[in-house]
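Below is one structure, written out as structure tokens; comments come after it.
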Amino acid sequence: TDYATSRHLASRLELGVDHHLCKQRIGQTVEQIFSSICPDPQHTLTKLPALTAWEDMSVFYQSNRNKKIELNKLARTEGMLLTNWWLEQLHTTRFPLWERMTLFWHNHFTSSLTKVLWPQWMLNQHQLLRKHALGNFAELLHAIAKDPAMLTYLDGSKNIATSPNENFARELLELFTLGAGHYTEQDIINVARAFSGWNVNNQEGKFLFQTKLHDNSQKQFLGHTGNFDGTDIINIILDEPRTAEHIAEKLWKELISHEQTKPEIIKEWAQAFRESGYEIKALLLKVITSSVFWETSQRGSLIKSPVEFTLGLLRELQIPFEEYPALRIANQQLGQDLFNPPDVKGWRGGNDWITNTRLIRRYDLIPKLLAEHGSEAQSLVRELVANTKATGSIGASIKTGGFFKNILPKISCSTDPNPLIAWLLPLTPVAAPNCNQSTDTILMTVLKDPTYQLR
4 TDYATSRHLA
14 SRLELGVDHH
24 LCKQRIGQTV
34 EQIFSSICPD
44 PQHTLTKLPA
54 LTAWEDMSVF
64 YQSNRNKKIE
74 LNKLARTEGM
84 LLTNWWLEQL
94 HTTRFPLWER
104 MTLFWHNHFT
114 SSLTKVLWPQ
124 WMLNQHQLLR
134 KHALGNFAEL
144 LHAIAKDPAM
154 LTYLDGSKNI
164 ATSPNENFAR
174 ELLELFTLGA
184 GHYTEQDIIN
194 VARAFSGWNV
204 NNQEGKFLFQ
214 TKLHDNSQKQ
224 FLGHTGNFDG
234 TDIINIILDE
244 PRTAEHIAEK
254 LWKELISHEQ
264 TKPEIIKEWA
274 QAFRESGYEI
284 KALLLKVITS
294 SVFWETSQRG
304 SLIKSPVEFT
314 LGLLRELQIP
324 FEEYPALRIA
334 NQQLGQDLFN
344 PPDVKGWRGG
354 NDWITNTRLI
364 RRYDLIPKLL
374 AEHGSEAQSL
384 VRELVANTKA
394 TGSIGASIKT
404 GGFFKNILPK
414 ISCSTDPNPL
424 IAWLLPLTPV
434 AAPNCNQSTD
444 TILMTVLKDP
454 TYQLR
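Position 356 (the sequence shown) corresponds to 359 in the numbering used here; numbering is contiguous.
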């Protein structure tokens, strides 16, 4: 790989482009780079958010109105803590691919704090998605169907034999596995019956199978007949080639383009996915070693999500940032509130991210992320610029002489802005900076170029 190749891979698989790492990876194969950015399967997080223990929250279900209001308020406060915590993980992780894929599955198997209410359950679901993010899709699918947050979000806990609730059944088929048009309305009814009695033990916050509420009669599904339960249904779904194709299509939108997929390539990826036994790494490797991934026309063909834009910028410029509550609000305003996707279909992505208002907000945010944030006016780059001399300023109080001196290519008229452009932009800039500008002006020109919104 050369620098441009290494950069493209980082822009698609990681969060922001690490200039030093891209240089280090020159000469490595795609497979070698991919192996190096995947955490060890046993790798776990060292820091989790400090949430109230579930046993102290579960009294909600036996409480009077005032106590319920109090616990409700506590849950909302801790929900914000949970989001702040994930933003910190996204910012500081050594394994951005792991975070990206956890976010990918969060947007695939959607649940929201707004409906679920309990941050403890959302954290448990998050840990489940994280555990399987680069693991096995079949295991993840079986586990998510028994997840208390999912059972609450899609009303699985209201699904009983005498009164089937079809919400989970419908989304399982339409969004999570087969995709629209690959099942019938009767299939949905029968899947709901198969999952009846799959409930949540509120006291323990765990999955509970209630035999008396389960429909034990014969059911037909995708041409199969039997006394199916939810596990049987998932196994039948996993035997359908269409399931692997649906996941491949989702990854096309995540890693290739928001434009129409190419069915022949999707089938090829899906076959590799199924042959691997639904190993997610195998599918990812198939994607990034496909010729379509490397087509020049695909460079800069994806629009950064708010998280990719804000966290990518902070990571690229190695800004020692700790104002995660402010960042949570900024991302909400840009249209991406972690743990609160807009609905069961998740964030749509693509052009949805770039309304006129949201684009203006992105541009307004850049100097704030580089300089001062919010009413506290705390410097976000104090640490980086502590030992540098001033040659200009981005914010009134920010010295920029050796601004990001370890990572920012030195720019003067004896060199040129091209190394910076090659690092931060996927395409030729709309308005290229010139070498007569000060370092900070060149940096701002590059960051405010429309192509910086692309990856």
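The beta-carbon is built from N, C-alpha and C at its ideal position, and this holds for glycine as well.
Three-state secondary structure assigned by DSSP to Leu12: helix
I believe Leu55 touches Glu91 by the beta-carbon criterion, under 8 Å. Please report the beta-carbon distance rounded to the nearest angstrom. In the sequence on display, residue 55 carries Thr and not Leu. That belief does not hold up - the Cβ atoms of Thr55 and Glu91 are roughly 19 Å apart, past 8 Å.
Helix, strand or coil for Leu154 per DSSP? helix
The region 216-226 / the region 268-276 touching (three or more Cβ pairs under 8 Å): no
Nearest-angstrom Cβ-Cβ length linking Gln130 and Trp57, presumed shorter than 8 Å: Not quite, the Cβ-Cβ distance comes to about 13 Å (not below 8 Å), so this is no contact.
Per DSSP, Ile147 is paired with what? DSSP lists no partner for Ile147.
Let me know the secondary structure DSSP gives Ile445 once reduced to three states. helix
Should Cys1 and Arg15 be called a contact, given that it needs their Cβ atoms to be closer than 9 Å? The first residue shown for the chain is 4 and the last is 458, placing residue 1 beyond what the model contains.
Taking Gln456 as the reference, give the member of Thr444, Ala183, Gln336 and Ile363 with the closest Cα. Ile363
Between which two residues does the alpha helix (DSSP H) harbouring His94 extend? Arg68 to Thr95
Given Pro99 as reference, the closest of His145, Asn127, Phe112 and Ile40 once Cα atoms are compared: Ile40
Can you give me the C-alpha to C-alpha distance between Thr403 and Tyr6, rounded to a whole angstrom? Unreliable positioning characterises Thr403 in this predicted model, as indicated by a pLDDT of 37, which lies under 50. A coordinate reading is not provided.
Range of the contiguous alpha helix (DSSP H) that encloses Gln213: Looking at the DSSP string, Gln213 is not in any alpha helix (DSSP H), and its letter there is neither H nor E.
Which same chain residues, not among the five before or five after Pro42, have their C-beta less than 7 Å away from its C-beta? Phe98 and Trp101
Inter-residue spacing [alpha-carbon to alpha-carbon] between Ile445 and Ala329: 27 Å
Rounded to whole angstroms, what is the Cα-Cα separation between Val194 and Trp201? 12 Å
Does the Cβ-Cβ distance between Asp346 and Thr86 come in under 9 Å? no
Please state whether DSSP places Gly229 in a helix, a strand or coil. strand
Could you name the residues that DSSP lists as bridge partners for Lys161? Its beta-bridge partners do not exist; DSSP assigns none.
Just curious, the beta strand (DSSP E) that Trp124 is in, first and last residue? Segment Pro122 to His135 is the alpha helix (DSSP H) holding Trp124; no beta strand (DSSP E) there.
Under 9 Å between C-beta atoms of His249 and Gly338: no
Can you have a look at His23 and say buried or exposed, based on whether 16 or more other CB atoms are within 10 angstroms of its CB? exposed
To the nearest angstrom, report how far apart Ser441 and Met447 are at their CA atoms. 10 Å
Could you name the residues of the same chain whose beta carbon sits closer than 6 Å to that of Leu314, not counting the 5 residues immediately before and after it, in chain order? Leu18, Leu93 and His94
Could you tell me the distance, in whole angstroms, from the CA atom of Thr180 to the CA atom of Gly138? 17 Å
Near Glu207, which residues of its chain fall below 8 Å by C-beta distance, leaving aside the five closest residues on each side in sequence? Trp57 and Ser61
Between Ala53 and the rest of its own chain, which residues show a CB-CB distance below 6 Å, the 5 nearest in sequence each way excluded? none
With a 10 Å radius around its C-beta and 16 neighbouring C-beta atoms as the bar for buried, classify Leu51 as buried or exposed. exposed
Which residue's Cα is closest to the Cα of Pro44: Ala425, Ala136 and Ala172? Ala136
Alpha-carbon spacing of Ile424 relative to Pro436, whole angstroms: 9 Å
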